[in-house]
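Residue 1 is where the sequence shown starts when you use UniProt numbering, and the numbers rise one by one after that. Notes follow the structure.
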Amino acid sequence: MRNLPRTDSGQALLLVLLSMAVVLTVILSILSRTITDVSVTSREEEALRAFSAAEAGVEQALIVGANIGPTTIGDASFSANVSSYSAGSQEFANPVPVAAGESVIFWFVAHDPSTGDYICNAQYPCFTGRQLKICWGNSGTAPGSATTPAIEVSTFYANTPGDYSTVRIARETSDPNATRRTSNNFSAPDAGTCTISGETFEFGETIDLAALGVPAGSYGVQNGLQFAKVRLLYSTDTSHSVGINVNFPGNTLLPSQGLRIESSGISGESNRKIDVFQGFGEPPPVFDGAIFSPGGITK
C-alpha cells in the first residue's frame, strides 16, 4: 500500500478543515438569521398587541368618560387618561383640520361631564364677551388662489339667556381672495397672520358681536352665547386648521371644548400610545342648508 507524501497529506487535511469551516459558517449564519427572524416576529407581535391594548383603552375611556388605571387584557395591558380640552383658556386650536364645506364648533357654554348637558355655574363657567378672533388657513397659504379658504362664522346666542326657544344666529363672512370679494361681498380678513397655541394661521378675522346685532344682554351674560360654528369654503384641494382667540378686554375664559384621551398599551417590551380628541355632540352639517332637494332647483 502506497502512503501519501507528507505534503499531500497536509494539503488534504487543510482542505477538509476549510470545508468544515465553510459548512460551519453557513450553519451559524442560518441559525443566526432564524433567531433574528424569530426575535423580529416576536417584537412585531408585541407591538401589535400593545397597539390593540391602547385602542381598547380609548374605547373604554369613551364609555366611562374618566381615567382608567392599569388594566390587563390578555398578554397586554392599558391605561387611559381623560382630560378637558382647553378649559379655562383664552384660545383653542382645533386639533383636526377642516375640509371645504365642513365646519367646526367653538363652545361658549360648558358641558356637564356626567350628562353632557349645557351647564353654567361657578364650577363650570360659561364664556361671556363681546369680541373674538377666528384664525384659519395653513401657514403659507396664498391669499389669491381659487382654493384659498374663506370662512362663514355663525354665532348662536340666546336672546334670553338660558331660554333656547329664543336662540338667534349672527353671521360673519371673510375671504382673503380680493377677486372673489367683489362678487361674494365677504369682508377682508385682518392684516397679518395669527398664532394660537404655538400654531401659526395665515388668516384671521376679528368679530365684534355687538356690531352684528347681538345684544349686550346675550354676550355679557352666561348662557347667552352658545357656540360659534365656523365653516370653510372654496378650499377643495386641502384641509386647513382653524382656531379661536378670545383674548380681548372684558372677556372671560373659554369652557372645555371636548375631551382629550391619552391611552397607553404595553405588551412585553413594546409600548404604544394613542392620543384622541372627542368633541361634544353637535348638529350634522347637512342642517346648515336652508333647502333640500333630491334633484335640481330652478329659481
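Ideal placement from N, C-alpha and C gives every residue a C-beta, glycine not left out.
Query: With three or more beta-carbon pairs closer than 8 Å as the criterion, would you say the region 159-175 touches the region 211-219?; Result: yes
Query: Reducing DSSP to helix, strand and coil, say where A66 ends up.; Result: coil
Query: How is the beta strand (DSSP E) around G243 delimited, first residue to last?; Result: 242-245
Query: Could you check what DSSP says for L4 in three-state terms: helix, strand or coil?; Result: Note that L4 scores a pLDDT of 49, beneath 50, so its modelled location is shaky and nothing firm can be said.
Query: For A66, count the other beta carbons within 10 Å of its own beta carbon; 16 or more makes it buried, fewer makes it exposed. Which is it?; Result: exposed
Query: Identify the continuous alpha helix (DSSP H) that holds N223 and give its terminal residues.; Result: Run containing N223: none; DSSP gives neither H nor E here.
Query: Considering S89, what are the terminal residues of the alpha helix (DSSP H) in which it resides?; Result: First-last for S89: undefined, no H or E at that position.
Query: Can you have a look at A142 and say buried or exposed, based on whether 16 or more other CB atoms are within 10 angstroms of its CB?; Result: exposed
Query: For the region 93-112 against the region 230-247, do three or more pairs of beta-carbon atoms, one drawn from each stretch, fall closer than 8 Å, so that the two count as touching?; Result: yes
Query: To which residues of the same chain is G279 closer than 6 Å at the C-beta, ignoring the five residues directly before and after it?; Result: G258
Query: Could you tell me whether the Cβ atoms of V246 and G129 are closer together than 8 Å?; Result: yes
Query: Would DSSP call N184 helix, strand or coil?; Result: helix
Query: With respect to the beta strand (DSSP E) encompassing D237, which residues constitute its N-terminal and C-terminal limits?; Result: From DSSP, D237 is part of no beta strand (DSSP E); its letter is neither H nor E.
Query: Could you check which residue in I196, P125, A158 has the C-alpha nearest to that of V214?; Result: A158
Query: What are the uninterrupted segments assigned as beta strand (DSSP E) that are 3 or more residues long and contained completely in the region 102-152, given in chain order?; Result: 103-107, 131-138
Query: In terms of residue numbering, what span does the beta strand (DSSP E) encompassing Q278 cover?; Result: 270-278
Query: If I measure Cβ to Cβ from N271 and keep anything under 8 Å in the same chain, skipping five residues before and after, which residues do I get?; Result: A50, S264, G265
Query: Can you round the beta-carbon distance between L254 and F127 to whole angstroms, since I take them to be within the 8 Å contact cut?; Result: 5 Å
Query: Considering only residues of the same chain and omitting the five flanking positions on each side of E199, which have a CB-CB separation below 6 Å?; Result: A93
Query: According to DSSP, what are the bridge partners of N177?; Result: BP columns for N177 are empty, so no partner.
Query: For a test of the three-state rule: what should DSSP assign to F78, helix, strand or coil?; Result: strand
Query: Hey, quick one: how far does the beta strand (DSSP E) through F248 stretch, first residue to last?; Result: Here F248 belongs to no beta strand (DSSP E), and DSSP marks it neither H nor E.
Query: What is the C-beta distance between I63 and A80, in whole angstroms, given that I count them as a contact (C-beta under 8 Å)?; Result: The pair is not a contact, with the Cβ atoms about 11 Å apart (cut-off 8 Å).
Query: Here's the rule: buried if 16 or more other CB atoms are within 10 angstroms of the residue's CB, otherwise exposed. What is T148?; Result: buried
Query: Relative to the C-alpha of G204, which candidate in L212, C120, A191, D163 has its C-alpha closest?; Result: A191
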